[in-house]
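So the sequence lines, in the order shown, correspond to chains A and B. Last residue of the first sequence: number 483 in our numbering, and the count goes up by one each step with no gaps. Last residue of the second sequence: number 1212 in our numbering, and the count goes up by one each step with no gaps. Here the structure comes first, spelled out in structure tokens, and everything after it is commentary.
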Amino acid sequence: MLLTITYEGEHTQDLGFLLHKNPDRAQQFALSYGKAYVFYPEVSDERTTAALLLDIDPIDLARGKLGGSEGGLFDYVNDRPYASTSFMSNAISRVFGTAMKGRCDKKQQLADTPLPLTATLTSLRTGDDKELAAQLFEPLGYTVKTETTLLDSRFPEWGESPYIDLTISGTVKLSELLNHLYVLIPVFDMQKHYYIAPDEIQKLLDHGGYMADAGEDEGSTQSKGWLASHPYKEKIARRYFKNKQSYARKAIDILMSELPEAQSEEDAGAAAEEAEAQEKRVPLNTQRMEAVRNAVLASGASSVIDLGCGECRLTSLLLSEPQIQRITACDVSVSVLEKAAKRLRLDDMNPFKRRKLTLMQASLTYRDKRFEGFDCACVIEVIEHIEPTRLPAFERILFAFAAPKTVILTTPNREYNENYTNMKRNGLRHDDHRFEWTREEFRTWAAHICEQFGYTCVCSGIGENDPAFGTPTQMGVFTRNG
Amino acid sequence: MDNAKSSTFTIEVPELCVVALIGGTSSGKSSFAARHFLPTEVLSSDFFRGMITDDENDQSISADAFDLLYCAANKRLNHKKLTVIDATNLQQSARQQVVELAKNQNVHAVAIVLNPPEEVMLARNKARADRNLPERVIHQHRNALRKSIRGLKREGFRFVYVLHSVEQIENAEIVRTKLWNDKRELHGPFDIIGDIHGCCDELEMLLDQLGYIRTDGVYRHPGGRQAAFLGDFCDRGNRNADVLRLVMDMVKDGSAIAVPGNHDVKLLKYLRGKNIAMTHGIDKTIAEIEAQGEDFKQEVASFIDGLISHYVLDDGRLVIAHAGLKEEYIGRASGKVREFCLYGEVTGETDEFGLPVRHNWAADYRGRATVVYGHIAGEEVSSLNRTVCIDTGCVFGGKLTAYRYPEGETVSVDAKETYYQPIRPLERQGAAIDRDMGDILTVGDFGKKLHIETQLMPSVDIHENNAAAALEIMSRFAADPHWLIYLPPTMSPCETSDLDGYLEHPLQAFAYYADRGVRHVVCEKKHMGSRCVMVACKDAQTARERFGVTDGSTGMIYTRTGRRFFDDAATENAILDRLRKVLTDTHFWQDFGTDWVCLDTELMPWSEKAQALLRTQYAPTGRAGVGSLSAAVQALECACRRNHMAYEVDAGASGQNVDISDLLTRYTVKLRDMEKYTVAYGEYCWRVDSADDLRIAPFHLLACEGKVFSDQQHVWHMETIRQYLTGSDPLFMATPYLCVDTADEQSVREGVDWWLALTGSGGEGMVVKPDTFIAKENGKLLQPAVKCRGSEYLRIIYGAEYLEPEHLQRLKKRSLKRKRTLALKEFSLGMESLSRFVDREPLYRVHECAFAVLALESEPVDPRL
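Take a look at the structure:
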């Protein structure tokens, strides 16, 4: 919430002209969320510093007068008034708007000249990504210095603070510096204080210096604007639009497609890595769904209950199968079901398909008569979300009371986690997983089910088969005896 | 039934039945109905025609009209309301529908036929303004009716009344009769005795033991208790005729009531001369009866024939039937109901012994009445969801058991010998009935709107959306529901203080109670940790038997939302072990006559449970705040040093001039506030390496076997906890408290000073409670506690700068209404679930209260209150 800009050299008081703010007067500006102050802590021939200080009203913030929705987006106890966030970007554009455009009638030449400038920002949120500041500012020609402290010096066991104090120095035009800061501050923080409308894409491109029709013949990346030639432009766009990834993709598309061959090595590497990772992820889920669908069809089932349907990926696959006449998809979370209904376009669904489908909230730890009467139950990547102490209830509800002819169940194979390099040792794949089983543990559990409830189980794997650790997913197909 | 000569014509109908009025148009059905029944009891086809098309005479939509009519009729009968079908009912197919309805609802169908002379009907038809039918129609109707009358009984109408003349119709009187099974006026007390099977020695011993005295050959209880026999008097045993003699004499005398069993009904068949299979020990009975002679045989036959298959007793609180009865059949009469009473419910499959597989109806039983039954021999009495099976297999060498109602105790006499070898082994205790399904909760009970009656509040209603939220939370996060016998209520703060510099102050807390007639209050130090409920059993056996937890655990420590407090079992067990040791050392178990205890506590430090909150919100805010504000202060100081010019407004400037030294002052204050804030949350954090670093402050001794301590004053709770729980193990600490007399100024001042001292040294604040655990004003429940939090503590709730006058004045506008309503509801539910558990009510009854608390917690309420 404090930005300082220092100009070092000769006649540095001219910074006042460039910023259109008189160094001899402290000024305040009314903003919708509070106030901004501009003052000069230091003014001399050799060195002049301007400060932009934000004063955000924490009560208004919490009570919902700011940021829209009822009740407020923010808690009373909140870093928003103190951290450097999108509020700061907004203040820069409001208070230093003219300077940002590079206009200075009295000293236009100075405005057009790269100058030795230093900017500091307090409390920029980087989280664990300690490289972020360097990644963002170094490619733009800045020297980057960051400082981190402990989260709370009284409790060193809590580790480092998620914030950095940032100092960047470089020889750039003032307008460039302001635009860089405007775009990149929210890239650190990712949480925006306002509703993100589609015109935000254009804003990003504009402040990123992007001009669609410029620089055709020059072939220089510069002319496309600094953002288009930024090696981390994808990361910038993705973080800038954290909650609107569709906007991020659009922005990336524009920035990429217009770019000639000048893609930097680094970027290619990062992008390729992402793509590979993504490709790896998507097929596992698809493979899993296909394996389950095939197992359902092979069981001869015509009615299926998808227990813990999530967003209904399996259900929508099965809906297209003529063999399946009736399918009930349930999940314990109402909000997940709402998402599923949207994803399935339930309201516009073909009426024949619609008739086959029931969507309902249900819990796997409460006995439910609506679970009864299905040929097949699918429990896909669900069991690992159940507390181990609640498993006996789940087992009886599914295998003793609902007792379908076939139960198809998948769960992660913990052994395979060795292959995930960015996972902590002995970690689980998802925060909500209560356990993950090795192949042996899964087989033991399956044997106990068969013994206790009169089923026969065939276990198999889904996904790439690692010779040492097996497949990422394991599947059990249980068939009721007799 | 034709007593036309008398002046009144009496029509008897059971209190619960379906009445079909039968008669052609203009026979006077509707006015007859209006004279004898409530308007809401009469479902008229004309009415439903009108409802659909605005035209009561529109015959073209009859099918739809009858759909509606029967839908309404079913709803009424579901709620045991007598229902009259007012339609012509001239066609057999129409009447069939009435009979079907009665059959499905297990009630009798009654036909009342109105058949006045044709000329009367013609005249009425002519006089009608709204509808004039051709005479031929009236004639047709009469013909149709004449043909129908004789077959009505055969069609399935249990009672048929035909009124032939205008006089009869006008003088008819309807008398509603009680159902035979309705003995709600009998209040006992009862000694309910299960399957005797000819074990007369044991029966006599049991009656002796129960205090019955035999005079003139008949057993009577001097205290006026009544025996209730559950049937299966004979077969397999050695004194079958004697048992019949004894039971018949007692019933005749009024010292007992009885329902029949399947064996008795089979015997009746034999006595009626029907062919029966001489299996399951009936041969012995027959031999004995034959030896007794014809009179005895006749007496037995008419005795059994006169038995009613089940009784509803004691204002509907008790039901007896040989094989039990499911809720929807109670108080109804039909072949199906009788069948159920005699044989229970079977799945149609047979087990490995060739016996029918029973369906466990008791697991699904959700009725309010206690159903006591026999039929299924078990080693022990087994109860589930307010059903009690008391057949303990005397004839198989087990024992003969009486269930004393309303005491709920059982008295047994061991069998003198094994009279008969059972085909399949007796049901093991707990194995078949109890544990089979009773410990599994059914979503039907919870995943919808809930209406819960509690002792403190007549009803608490839970909205469907909230129930859905609770279902998710319970399923994903909650501990085993068997342990969740109580979830603590939310607590409201006191009213906002009007004193400068305070948002909350003790004066408002005292005033809340003083204004509502509570003079004496208790102030308890509010510990800043995490709410934590501890249920501890003496041993794993208690956990299994009392809580139905079979995984070997001996207790549970859970959060206010029913989550396990500790992720690792080792810490939880270590704490439970230490609690158990303390309770054992202080002889708590003996002194309170219990094997388990439930405590309401606060567990410290706060950082133990709020780790995530601290690391992601509280500490970062402090870090960012202190960091940025000190940078700002530094910059402002530089600017001040440099800047000496007076400020003047420059009209041409884009911003307004501002006094830099004012700014410096403002930001210096902000920085100081922020530093105080970090000090405030730091008070409640310390490093925990083992259970030794934790502190637990119990403040309510909630319940133990047979007792909920809501009738004890808070001082008792404090002192009992101090005596039994603290002193030896530093893990458990007592809570400082102070009694305040709200009518005594000096005492109030002491209370305020006490709070100032507490909060001045970093304490969160205090909780003010009425001296009694439950306090009411004019019958209206008062807040069981209000909290009053310290000024510094509130920085971590309302933000570092909240005390600055421009902020505080805005924060003082807050509404407590919703929070207080919730607090009352949740308190009522918490107390209710404890008392239900202590009263050994079924799991689903206890769980619904905990479930409802969670549901209420999904209500959006200002979390800062």
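Quick reminder that beta carbons are idealized off the backbone N, C-alpha and C, glycines included.
Query - Endpoints, the beta strand (DSSP E) within which glutamate 943(B) is located - result: Sequence check: residue 943(B) is tryptophan here, not glutamate. Looking at the DSSP string, the run of the beta strand (DSSP E) that includes tryptophan 943(B) is 943-951.
Query raised in the report: Using CA coordinates, which residue listed in Lys1172(B), Pro386(B), Cys1086(B) is at the minimum distance from lysine 1127(B)?
Result: Taking each of Lys1172(B), Pro386(B), Cys1086(B) in turn and checking the Cα distance to lysine 1127(B), the smallest one comes out for Lys1172(B).
Query raised in the report: Quick one, which of Asn587(B), Ala648(B), Val431(B), Leu416(B) has its alpha-carbon nearest proline 361(B)'s?
Result: Val431(B)
Query raised in the report: Are there 16 or more other CB atoms within 10 angstroms of the CB of tyrosine 196(A), so buried, or fewer, so exposed?
Result: exposed
Query - alanine 716(B) beta carbon less than 8 Å from that of valine 647(B) - result: no
Query raised in the report: Mind checking if threonine 789(B) is an interface residue toward chain A, Cβ cutoff 8 Å exclusive?
Result: yes
Query raised in the report: Of the residues that make up the stretch 153-178 of chain A, which ones have a beta carbon closer than 9 Å to any beta carbon in chain B?
Result: Identification of residues in the stretch 153-178 of chain A having a C-beta nearer than 9 Å to some C-beta of chain B yields Asp153, Arg155, Phe156, Glu158, Trp159, Gly160, Ser162, Pro163, Tyr164, Asp166, given in sequence order.
Query raised in the report: Which word fits histidine 449(A), buried or exposed, when buried means at least 16 other C-beta atoms lie within 10 angstroms of its C-beta?
Result: exposed
**Report entry** Through-space distance from tyrosine 77(A) to leucine 44(A), alpha-carbon basis
**Finding:** The sequence as given places valine at residue 44(A); leucine does not occur at that position. Distance between the alpha carbons of valine 44(A) and tyrosine 77(A) is about 37 Å.
**Report entry** Pairwise C-alpha distance: glutamate 1139(B) and glycine 1146(B)
**Finding:** If I take the Cα positions, the gap works out to 10 Å.
Query raised in the report: If you pair each beta-carbon of the stretch 500-511 of chain B with each one of the stretch 454-463 of chain B, do three or more pairs fall below 8 Å?
Result: yes
Query raised in the report: Exposed or buried, what is phenylalanine 400(A) when buried is set at 16 or more other beta-carbons lying within 10 Å of its beta-carbon?
Result: Phenylalanine 400(A) comes out buried.
Requested in this report: Leaving aside the five residues before and after tyrosine 559(B) along the sequence, list all residues of the same chain whose C-beta is less than 6 Å from its C-beta, in chain order.
Outcome: Tyr566, His568
Query raised in the report: Taking C-beta to C-beta, are phenylalanine 1056(B) and threonine 948(B) nearer than 8 Å?
Result: no
Requested in this report: Assign methionine 1080(B) to one of three DSSP states: helix, strand, or coil.
Outcome: The three-state reading of DSSP puts methionine 1080(B) in coil, since its state is none of H, G, I, E or B.
Query raised in the report: Quick one: what does DSSP say proline 361(B) is sitting in, helix, strand or coil?
Result: Reduced to three states, the DSSP call for proline 361(B) is strand.
Query - Contacts around alanine 92(A), its chain only, beta-carbon distance under 7 Å, and the 5 residues preceding and following it disregarded - result: Leu32, Ala37, Leu53, Leu55, listed in sequence order.
Query raised in the report: Taking valine 408(A) as the reference, which of Thr480(A), Glu465(A), Glu416(A), Thr439(A) has the closest Cα?
Result: Thr480(A)
Report task. Alpha carbon to alpha carbon, how far is histidine 386(A) from glutamine 326(A)? Give it in angstroms, no decimals. Result -> 29 Å
Query raised in the report: Under three-state DSSP, which class holds asparagine 622(B)?
Result: Reduced to three states, the DSSP call for asparagine 622(B) is coil.
Query raised in the report: Taking the Cβ atom as the reference point for each residue, do tryptophan 446(A) and arginine 415(A) lie within a distance shorter than 8 Å?
Result: no
Query - Straight-line gap, glycine 226(A) to threonine 114(A) (C-alpha atoms, nearest Å) - result: Looking at the two C-alpha atoms, the distance is approximately 17 Å.
Query raised in the report: Going by the beta-carbon positions, is the gap between alanine 574(B) and methionine 597(B) smaller than 8 Å?
Result: yes
Query - Between the CA atoms of aspartate 555(B) and proline 753(B) - distance to the nearest angstrom - result: 19 Å
Query raised in the report: Nearest chain A C-beta to valine 1005(B) closer than 8 Å, yes or no?
Result: yes
Requested in this report: Say whether chain B places a C-beta atom closer than 8 Å to the C-beta of threonine 514(A).
Outcome: No statement about residue 514(A) is possible, as the shown extent of chain A runs from 2 to 483 and does not include it.
**Report entry** Whole-number beta carbon distance between alanine 112(A) and lysine 174(A), since they are thought to touch under 8 Å
**Finding:** 7 Å
Query raised in the report: Among Glu1030(B), Phe687(B), Met552(B), which residue has its Cα nearest to the Cα of valine 606(B)?
Result: Phe687(B)
Requested in this report: Determine the direct distance from the alpha carbon of threonine 963(B) to that of tryptophan 953(B), and round the result to whole angstroms.
Outcome: Straight through space, the alpha carbons of threonine 963(B) and tryptophan 953(B) are spaced by roughly 15 Å.
Query raised in the report: Is there at least one Cβ from chain A nearer than 8 Å to glutamate 949(B)'s Cβ?
Result: No, no contact with chain A.
**Report entry** Residues, ordered as in the chain, of the stretch 349-365 of chain A that lie near chain B by beta-carbon distance below 7 Å
**Finding:** Under the 7 Å Cβ criterion, the stretch 349-365 of chain A contributes Gln362, Ala363, Ser364, Leu365.
**Report entry** Neighbour flag for tyrosine 8(A) against chain B, beta carbons, 8 Å
**Finding:** no
Query raised in the report: In angstroms, rounded to a whole number, what distance separates the CA positions of glutamate 359(B) and threonine 524(B)?
Result: 6 Å
Query - Contacting residues, own chain, Cβ-Cβ under 7 Å from phenylalanine 939(B) (five flanking each side not counted) - result: Result list for phenylalanine 939(B): Cys1051, in chain order.
Query raised in the report: Helix or strand or just coil, what does DSSP make of valine 293(A)?
Result: Shown here, valine 293(A) sits in a helix according to DSSP, grouped into three states.
Query raised in the report: Is any heavy atom of the ligand MN found at a distance shorter than 7 Å from the C-beta of valine 509(B)?
Result: As for the ligand MN, it is missing from this structure, which has no ligand bound.
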